[in-house]
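Position in the sequence shown (first residue = 1) + 6 = this note's numbering. Backbone N, C-alpha and C define an ideal beta-carbon position, used for all residues, glycine too.
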Amino acid sequence: MARPKKFHEKRVTTAIRLPEGLHERLHAAADERDVSVNLLVTHAVSEYLERLRPVAEVLETNRVA
Numbered sequence: 007m008a009r010p011k012k013f014h015e016k017r018v019t020t021a022i023r024l025p026e027g028l029h030e031r032l033h034a035a036a037d038e039r040d041v042s043v044n045l046l047v048t049h050a051v052s053e054y055l056e057r058l059r060p061v062a063e064v065l066e067t068n069r070v071a
């Protein structure tokens, strides 16, 4: 499992609570890809936030509907 040698940003630790089944799926997905759970979660959260619609857009859509 390759680890990055340098970080461009300061790293922080965040604890989350997951249902047991999701935790198992997360570890299995990381193992299948030969990456750390941390790397998989970091990339997944980053991609999700990139695709997240701005709140103002969501509120406007709800007002029109």
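* **Inter-residue Cα distance where the pair is Arg57 and Ala50** => Linking Arg57 to Ala50 through their CA atoms gives a straight-line distance of about 11 Å.
* **Of the residues Leu24, Val47, Pro25, the one placed nearest Ala35, counting alpha carbons only** => Of the residues Leu24, Val47, Pro25, the one whose Cα lies closest to the Cα of Ala35 is Val47.
* Asked: Which of the three DSSP states, helix, strand or coil, is assigned to Leu46?
  -> DSSP places Leu46 in helix when its eight states are reduced to three.
* **Cα-Cα separation, His29 to Lys16** => Between His29 and Lys16, the C-alpha separation is close to 26 Å.
* Asked: Would you report the Cα separation of Ser42 and Thr19, rounded to the nearest angstrom?
  -> Rounded to whole angstroms, Ser42 to Thr19 spans 15 Å at the Cα level.
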